[in-house]
Amino acid sequence: MSVLNLCPTLPKSLHKPLRWIGAALLVGLLQGCANTTDSGAIGLQRSQLLLISSEELNAKAAQGFQQLSADAQSKKKLNTDARLTQRVRRIGNDLIAQVSVFRADAKDWDWEINVFDSDEINAFCAPGGKIGVYTGIVKRLKLTDDELAAVMGHEIAHALREHSREKASQQMVSNLLVTTVSAAAKVDGSLLDMGSQMFVHLPNSRSMELESDVMGLELMARAGYDPRNAPKLWEKMRAASGGNKGLAFMSTHPADEERIAAMQENIPKVVHLYEEARARKAASAGKRAPAARKKGSGKPQKSQ
Ligand SMILES: [Zn+2]
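Taken in order, the sequence shown gives residues 205 to 508; the numbers are from the numbering used here.
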């Protein structure tokens with residue numbers, strides 16, 4: 205197996221120059237092609253380039269999250285609305301309870317969910333499971349529980365797939381390619397730039413966005429939130445983005461036809477999971493109901 209077999213999209217014009225790439229990079233690439241998650245009902249299959257350690261990235265993300273939370277706390281902008289915080293955490297925890305479908309280790313991550321007071325339309329899940337939801341996205345878009353589950357499921361999917369780690373790995377290869385190959389082979393700079401763009405930026409963040417949408421659909425369905433309502437989130441996002449294209453979340457998450465069409469195409473794969481989850485919830489509510497009646501009749505029962 206050679207480095208040339210790793211990525212079929214690698215242009216032939218780069219085959220010769222790549223032979224000069226150092227053994228360290230080659231070994232790294234061979235070890236680095238992996239898949240962070242299982243495929244789930246949606247059948248996600250995409251090999252990822254992962255060269256840097258997740259521990260380091262997760263530790264930095266956790267540090268950043270603590271800092272952000274401490275800053276918000278000092279400005280009295282952290283989890284100020286108890287009802288909203290409870291709602292966001294309930295939905296977040298419902299989704300987190302499903303993550304082992306995609307990766308067994310994620311259930312044991314040190315998950316945290318905070319709500320930040322800000323008019324900004326934004327939400328994130330940093331590497332390792334640090335979730336932030338801005339009050340702006342919930343209030344300005346008047347999100348329903350299903351829509352909130354769709355946005356949080358999407359963000360959790362980014363973390364499960366370790367897209368940040370993948371992008372950092374791609375950047376590392378990009379830097380190494382440009383310095384190593386141009387020095388060793390004296391290839392034409394523009395050709396190299398074009399080739400390295402193709403190599404390291406495929407699959408690009410657009411693909412990451414689409415797979416996060418689809419993985420998010422499965423997470424929300426399994427958690428008992430109706431995936432058929434997920435496109436409504438993006439339609440609201442599109443309506444809100446009208447004159448505010450500069451907003452960070454919307455510029456990185458264009459709510460266009462392609463995104464909504466890909467979602468519609470995948471919804472039928474997960475609707476049965478939603479129905480099963482709802483049936484389970486109804487059954488467990490049914491089990492609780494007689495106990496409640498007994499309690500009301502003056503004969504309290506110990507809950508099972
Ligand atoms: Zn995204």
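Glycine included, every Cβ here is placed at the ideal spot set by N, Cα and C.
Anyone know if the C-beta pair for residue i and residue j falls short of 8 Å?
{"i": "Gly-340", "j": "Asp-314", "result": "no"}
{"i": "Asn-318", "j": "Asn-283", "result": "yes"}
{"i": "Arg-410", "j": "Trp-438", "result": "no"}
{"i": "Met-454", "j": "Ile-325", "result": "yes"}
{"i": "Leu-423", "j": "Ala-361", "result": "yes"}
{"i": "Gly-268", "j": "Ala-353", "result": "no"}
{"i": "Ser-251", "j": "Asn-239", "result": "yes"}
{"i": "Val-474", "j": "Ala-308", "result": "no"}
{"i": "His-588", "j": "Glu-413", "result": "Lying before the first or after the last residue shown, residue 588 is absent from the chain, which here runs from 205 to 508."}
{"i": "Ala-465", "j": "Met-441", "result": "no"}
{"i": "Ile-335", "j": "Glu-316", "result": "yes"}
{"i": "Thr-348", "j": "Asn-470", "result": "no"}
{"i": "Ala-276", "j": "Phe-320", "result": "yes"}
{"i": "Met-376", "j": "Leu-299", "result": "no"}
Would the beta-carbon of residue i be found less than 7 Å away from any heavy atom of ligand 1?
{"i": "Glu-415", "result": "no"}
{"i": "His-476", "result": "no"}
List the DSSP bridge partners of residue i.
{"i": "Ile-335", "result": "Ile-317 and Cys-329"}
{"i": "Ala-238", "result": "Gln-252"}
{"i": "Leu-282", "result": "Phe-320"}
What is the C-beta distance between residue i and residue j, in whole angstroms, given that I count them as a contact (C-beta under 8 Å)?
{"i": "Phe-306", "j": "Leu-364", "result": "5 Å"}
{"i": "Ala-425", "j": "Tyr-478", "result": "4 Å"}
{"i": "Gly-420", "j": "Gly-357", "result": "3 Å"}
{"i": "Gln-374", "j": "Leu-253", "result": "6 Å"}
{"i": "Leu-345", "j": "Ala-444", "result": "6 Å"}
{"i": "Asp-417", "j": "Asp-350", "result": "Contact doesn't hold; Cβ gap of about 14 Å is too wide."}
{"i": "Lys-280", "j": "Ser-322", "result": "At roughly 13 Å, the Cβ-Cβ gap does not stay under 8 Å, so Lys-280 and Ser-322 are not in contact."}
Just curious, the alpha helix (DSSP H) that residue i is in, first and last residue?
{"i": "Leu-261", "result": "258-278"}
{"i": "Pro-458", "result": "Run containing Pro-458: none; DSSP gives neither H nor E here."}
{"i": "Ser-411", "result": "409-426"}
{"i": "Lys-440", "result": "434-445"}
{"i": "Leu-352", "result": "349-364"}
Say yes only if the C-beta of residue i is nearer than 7 Å to one or more non-hydrogen atoms of ligand 3, and no if none qualify.
{"i": "Leu-261", "result": "Although ligand 3 was asked about, the structure shown includes only ligand 1 as ligands."}
Quick one: does residue i have its CB under 8 Å from some CB of chain B?
{"i": "Arg-344", "result": "Chain labels in this structure do not include chain B; a single protein chain is all it has."}
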